[in-house]
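Protein sequences, first through last, are from chains A and B.
Using our numbering, read the first sequence as starting at 9 and increasing by one per residue.
Using our numbering, read the second sequence as starting at 232 and increasing by one per residue.
Here a beta-carbon is modelled for each residue, glycine too, at the ideal position from N, C-alpha and C.
None of the values given here were measured: they were computed from a predicted structure.
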Amino acid sequence: MSVSAAHARGRSGPWRPAAGHVFVSGYVVLLITFGVAPTVYALYLAFTDGDGRFAGIANFIRTAQDYRFLSAVGHVATYLVLWLVTLTVLVLVLALVVHRLTSRWSRAALRFVYYVPGALAGASSVLLWLFMLDPSVSPVDGLVRSLWGGTLVQVIAPGHLPWIFTVIAFWTGAGGWIVVMYGALNSIPHTVIEAAKVDGAGPVKTAWRVQLPMLRKWIVYMLILSLAAGTQLFVEPQLVSQASFGVVGTDYSLNQLAYLYAFDQNDFNGSAAIAMDLLIVALCCAGLFVAKGGLFDAD
Amino acid sequence: MRTDPTAGVARVVGRGLITVLLLAFALFFVLPMVWLLLTSTKSPADLIHGNPLSPGSIGSLVTNWQHLMSFQDGAVLTWMTNSVVYSALSVALTLLVGIPAGYAMALMRFKGRRLLLIVTLVVMLMPATALVLPIFLELSYLGLVNKMASVVLPMSFFPFGVYLTYIYFSTSVPGELLDAARLDGCSESATFFRVALPLAKPVVALVAFFSFVNNWNNFFLPYVMLPNSGNYPMQVGLTQMLAATPTFNPVVGANAEVQPPELVLATLVSIAPVLLVFLFSQRFLVAGLTAGATKG
């Protein structure tokens, strides 16, 4: 940070206007290769047939008429609603409550405890939860039996899955977000909170009127990421299907259906069409969040 | 109002409810982890007949470990090594490329900045299949499928990390500080390395951490790219073990290769590196996130 050393290097005049471009160049290469190009290619596939001829929306119509399509849409939509609502409400409530605790030790301990399951995601967490949900070995077998049934196959019946996936996703993901929100709460200046207190605002009012609005960017960020992850449901139903011995099909989620189209039916065009459906939904929701959240304000 | 005794009662009741809420969630988050640790020390019979939350024995743990290591001639060790190599390489690339990018997007003015932000956000939302399948076609054209690069390169593209860096720099590092450095004659690169980067340690740690966890847990990409069992990362390997466990696949019956406690131990092994990273970095992560330059 020594200023004189920086002086000695002098101004690098000529490339200065493009300095930003140099900084982002590596990322842009990756973005084009693994982001933009595949997206464009997927678009191309979605609107052409197997021989590369323009097919209009034929792929979309064909896949949407597949008997598995609508039920997969329903499954993913139910899960998303449950998951996003539970996540937002509980993460914010827990972060706010933990943040208000007076004991430094319990604040740190609770954050840590909530956060640790984040180490388990993907296949590991699904495996662990298959055990948790198997009444013959579960430590909470009484609860599982009374909620969902006495055998593993009854428990993981298709109707229960949106709830089960919500529980798994919350268990692995919520802690990380609680820590993020807690950090963001810390960054709100004390003077602002004090001012609210002086104005007679209680803890609830302060949270609602002062703290939550200041967390807006982070909440939007959390919702977008969770939405993106949620539409891509794959490993959870895939493993549950494997463990349910065929009761749950391998076409439970849209992502699984897209996978089946590509690698089972060798129909990359249909697969791309389903992926585009997912993208459109995700983009619409994200656009809504962004418009409400002011994410692009350069400040 | 302030001295009203009912307000005092309400406060005590409120405190009680809050304590119950916090403890209930603590139990929810912790119980499965405790069960996982305990069950890896049990024999298959203990698992079915014993109390779910009682410990097993060191002997059973050793037996489980030996069975696990001999599964498919030491496949577990190969899968773990693969996971470590894939994840570490991707994290290094992600940081190298992503931190300067997020910084520039937040604090530098250049043509295309807004476009880059929007494209980043759009790509973040792309469903995995939508990207993975065309990437598969792309890489198979280049002859890279079933090679390490086919997972390392796509994983090192981590728009979430860039976005996180962007948010951090745009909210927690005051632009004036950097303007001051520039006024003092710092070049853009000197400003970045000497002023911005030291302030950005928390977000660098956070991005490294998230990208490591993400890469480690990535299932779909290696599932598609690496058809050979010898190249599987641990997460994909686990599904093979699941298929060989009698509880979850009645067909394998009594001759099962994997007993349930061994699968539990495999799950524990599969998360051990991430868990270690968690334990060692949690102080830093938890404390550092937004306690950056603008300490209010």
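Mind listing the chain A neighbours of residue i? Cutoff is C-beta to C-beta under 9 Å, in chain order.
i: Glu369 (chain B); result: Thr41, Phe42, Ala45, Pro46 and Tyr49
i: Val505 (chain B); result: Gly126, Ala127, Leu128, Ala129 and Ser132
i: Thr498 (chain B); result: Leu128, Ala131, Ser132, Ser133, Leu135, Leu136 and Phe139
i: Leu458 (chain B); result: Here residue 458 (chain B) is Pro; the residue named in the question, Leu, does not match the sequence. By Cβ distance, chain A contributes nothing, its closest Cβ being about 10 Å from Pro458 (chain B), past 9 Å.
Taking residue i as the query, report the chain A residues whose CB atoms sit under 8 Å from its CB, ordered along the chain.
i: Arg340 (chain B); result: Gly28
i: Glu488 (chain B); result: Correct list: empty, because the minimum Cβ distance to chain A is about 15 Å.
i: Ala535 (chain B); result: Residue numbering for chain B in the displayed model covers 232 to 527; residue 535 (chain B) lies beyond these limits and cannot be assessed.
i: Glu407 (chain B); result: Ordered by position in chain A, no residue passes the 8 Å Cβ test against Glu407 (chain B), which lies about 12 Å from the chain.
i: Tyr334 (chain B); result: Phe31
i: Phe509 (chain B); result: Tyr123, Val124, Gly126 and Ala127
i: Leu278 (chain B); result: Val145
Keeping to the same chain, check which residues put their C-beta closer than 7 Å to that of residue i; ignore five residues upstream and five downstream.
i: Gly329 (chain B); result: Phe389, Gly392, Val393, Thr396 and Val438
i: Arg76 (chain A); result: Asp259 and Leu265
i: Leu286 (chain A); result: Thr239 and Leu262
i: Phe297 (chain A); result: Val228, Leu231 and Ile232
i: Thr351 (chain B); result: Pro390, Val393 and Tyr394
i: Val152 (chain A); result: Leu141, Pro143, Ser146 and Val163
Which residues in the same chain have their Cβ closer than 8 Å to the Cβ of residue i, if we skip the five residues on either side of it in sequence?
i: Val218 (chain A); result: Ile196, Val200, Ile201, Ala204 and Ala209
i: Met232 (chain B); result: With a pLDDT of 46 at Met232 (chain B), under the threshold of 50, the modelled position of this residue cannot be trusted; read the value that follows with caution. Ala238.
i: Gly281 (chain B); result: Lys273 and Gly287
i: Pro166 (chain A); result: His83, Val255, Val256 and Tyr260
i: Ala522 (chain B); result: Caution applies to Ala522 (chain B), whose pLDDT of 44 falls short of 50 and renders its modelled position unreliable; the value that the coordinates give is listed next. Only Pro433 meet the Cβ criterion.
i: Val455 (chain B); result: Val363, Leu364 and Phe367
i: Ser133 (chain A); result: Pro125, Ile176, Trp179 and Thr180
i: Met300 (chain B); result: Val307 and Leu308
List the residues of chain A whose Cβ lies closer than 7 Å to the Cβ of residue i, in chain order.
i: Pro286 (chain B); result: By Cβ distance, chain A contributes nothing, its closest Cβ being about 13 Å from Pro286 (chain B), past 7 Å.
i: Val393 (chain B); result: Tyr35
Can you name the residues of chain B whose CB is closer than 7 Å to the CB of residue i?
i: Asp142 (chain A); result: Thr478
i: Gly183 (chain A); result: Phe260
i: Met229 (chain A); result: At residue 229 (chain A) the sequence reads Tyr, which differs from the Met that was named. Those within 7 Å of Tyr229 (chain A) in chain B are Ile398.
i: Phe62 (chain A); result: Those within 7 Å of Phe62 (chain A) in chain B number zero; the least Cβ separation is about 18 Å.
Skipping 5 residues on each side, what residues in its chain have a beta carbon closer than 6 Å to that of residue i?
i: Val11 (chain A); result: For Val11 (chain A), the pLDDT reaches just 40, beneath the cut-off of 50, and the residue's location in the model is therefore unreliable, leaving the point undetermined.
i: Arg112 (chain A); result: none
i: Leu138 (chain A); result: Ala251
i: Ala294 (chain A); result: Ile232
i: Ala16 (chain A); result: The predicted model places Ala16 (chain A) with a pLDDT of 39, which falls under 50 and marks its position as unreliable, so this point remains unresolved.
i: Lys526 (chain B); result: Because Lys526 (chain B) carries a pLDDT of 33, less than 50, the predicted location of this residue cannot be relied on, and the following value inherits that uncertainty. Counting only Cβ-Cβ distances below 6 Å, and skipping sequence neighbours, we find nothing.
i: Val121 (chain A); result: none
Between which two residues does the alpha helix (DSSP H) carrying residue i extend?
i: Glu202 (chain A); result: His198 to Val206
i: Lys432 (chain B); result: Lys432 to Asn448
i: Met311 (chain B); result: Ala306 to Leu338
i: Pro166 (chain A); result: Premise fails: Pro166 (chain A) is in no alpha helix (DSSP H) and is neither H nor E.
i: Met379 (chain B); result: Per DSSP, Met379 (chain B) belongs to no alpha helix (DSSP H) and is neither H nor E.
i: Tyr122 (chain A); result: Arg112 to Tyr123
i: Thr71 (chain A); result: Ala66 to Ala72
i: Trp216 (chain A); result: Neither: Trp216 (chain A) is in no alpha helix (DSSP H) and is coded neither H nor E.
i: Ile398 (chain B); result: Pro390 to Ser403
i: Leu233 (chain A); result: Arg224 to Thr239
i: Tyr267 (chain A); result: Leu262 to Tyr267
i: Ile40 (chain A); result: Note, Ile40 (chain A): premise wrong, no alpha helix (DSSP H); not H, not E.
i: Leu409 (chain B); result: Gly406 to Leu414
i: Glu488 (chain B); result: Taken as a continuous stretch (DSSP letters only), Glu488 (chain B) belongs to no alpha helix (DSSP H), as it is neither H nor E.
i: Ser301 (chain B); result: Ile289 to Ser301
i: Pro275 (chain B); result: Pro275 to His280
i: Pro453 (chain B); result: Phe451 to Met456
i: Val81 (chain A); result: Tyr75 to Arg108
i: Ser144 (chain A); result: From DSSP, Ser144 (chain A) is part of no alpha helix (DSSP H); its letter is neither H nor E.
i: Thr476 (chain B); result: Element bounds for Thr476 (chain B): n/a, residue is neither H nor E.
For residue i, return the contacting residues in chain B, with the cut-off set at a CB-CB distance below 8 Å.
i: Ile232 (chain A); result: Leu352, Met355 and Leu356
i: Leu247 (chain A); result: Thr470 and Leu473
i: Val105 (chain A); result: Ile249, Leu252 and Leu253
i: Phe276 (chain A); result: Leu364 and Leu368
i: Met284 (chain A); result: Ala361
i: Val97 (chain A); result: What Val97 (chain A) touches in chain B: nothing, since even the nearest Cβ is about 12 Å away.
Would you mind giving the Cβ-Cβ distance between residue i and residue j, rounded to the nearest angstrom? I have them listed as a contact below 8 Å.
i: Thr498 (chain B); j: Leu267 (chain B); result: 7 Å
i: Pro170 (chain A); j: Thr86 (chain A); result: 4 Å
i: Phe256 (chain B); j: Leu102 (chain A); result: 6 Å
i: Ala236 (chain A); j: Met336 (chain B); result: Not quite, the Cβ-Cβ distance comes to about 19 Å (not below 8 Å), so this is no contact.
i: Ser234 (chain A); j: Leu92 (chain A); result: 6 Å
State yes or no: is the C-beta of residue i nearer than 7 Å to some heavy atom of the ligand NAD?
i: Thr476 (chain B); result: In terms of ligand content, the structure shown is empty, and the ligand NAD therefore cannot be addressed.
Whose Cβ in chain B lies nearer than 9 Å to the Cβ of residue i?
i: Ser146 (chain A); result: Trp266 and Pro283
request  = Report the residues of the region 262–276 of chain B with a CB closer than 7 Å to any CB of chain A, ordered along the chain.
outcome  = Of all residues in the region 262–276 of chain B, only Leu262, Pro263, Met264, Trp266 and Leu267 place a beta-carbon less than 7 Å from a beta-carbon of chain A.
query = What residues from the region 151–181 of chain A come within 8 Å of chain B, judged by C-beta to C-beta, listed N to C?
reply = Contact annotation: in the region 151–181 of chain A, residues whose CB is within less than 8 Å of a CB in chain B are Leu160 and Trp179.
query = Along the region 121–135 of chain A, what residues have a CB closer than 8 Å to any CB found in chain B?
reply = Legend: CB atoms of the region 121–135 of chain A lying less than 8 Å from CB atoms of chain B belong to residues Val121, Tyr122, Tyr123, Val124, Pro125, Gly126, Ala127, Leu128, Ala129, Gly130, Ala131, Ser132 and Leu135.
request  = Note down, in chain order, all residues in the region 416–432 of chain B with a beta-carbon under 9 Å from any beta-carbon belonging to chain A.
outcome  = Going along the region 416–432 of chain B in chain order, one finds Gly416, Cys417, Ser418, Glu419, Ser420, Ala421, Thr422, Phe423, Arg425, Val426 and Pro429 with a Cβ nearer than 9 Å to chain A.
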